[in-house]
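Novice: What follows is a structure written as structure tokens; I'll ask about it next.
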Amino acid sequence: TIERWSTPSSRDRQIDELWKKSMDAIGIRMLFKKDKLPELRKMARAGKLQMRNDGWNADYPDADNFMQLLYGPNVGQSNDSRFRLAEFDRLYEQTRKLPDSPERTRLYDRMTDLVIAYAPWRLTHHLLEDHVIQPWVIGYKPHPLLSDIWKYLDIDESKRQR
């Protein structure tokens, strides 16, 4: 039996239902448990969860932003999957010493191969957002990484009055 933890939100309930339907179809039993997000994070850091959803938005445009989450010494901090693999860690340490370059990209490619082979994460979905913006909003430009673009916006009161 696989134990899957999630929040009591309606979205997570729908995701749990999809997991149950999919696993039932192939004969795998699942047990679903619920708790609040802060508790789930504490449990994940302590290594007390078998499976859960989580999300990550890149803070900066570099593969390091994701690979650091699987670096063995980060277990109990940002490595909630508790993934430890000597080869991955060695490659990660090498990337930290290199500038952005084809050599560094090759190391990240190898690390990606290891992540795919050992599967500490199961990537399931990516949320897409659509923003409806009034003509009087100034400075709106979707950012490829950041979701907190609102601090860059302003309002043209003269256009808003019309």
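One point on numbering: in the numbering used here, the residue at position 147 of the sequence shown is 159, and numbering is uninterrupted.
C-beta atoms are modelled at their ideal positions from N, C-alpha and C, and glycine is treated no differently.
Quick check: the Cα distance between Ser-90 and Lys-171, rounded to an integer number of angstroms?
Specialist: In this model, Ser-90 and Lys-171 are separated by some 45 Å (Cα to Cα).
Novice: Expressed to the nearest angstrom, what Euclidean distance is found between the alpha-carbon atoms of Asp-168 and Asp-112?
Specialist: 40 Å
Novice: Quick one: grab the DSSP three-state call for Ser-18.
Specialist: Strand.
Novice: Of the residues Asn-69, Leu-103, Tyr-130 and Asn-77, which one's Cα is nearest the Cα of Arg-94?
Specialist: Tyr-130
Novice: By the three-class DSSP mapping on this structure, what secondary structure does Arg-64 have?
Specialist: strand
Novice: Go ahead and label Trp-31 buried or exposed: buried means 16 or more other beta carbons lie within 10 angstroms of its beta carbon, across all protein chains shown.
Specialist: buried
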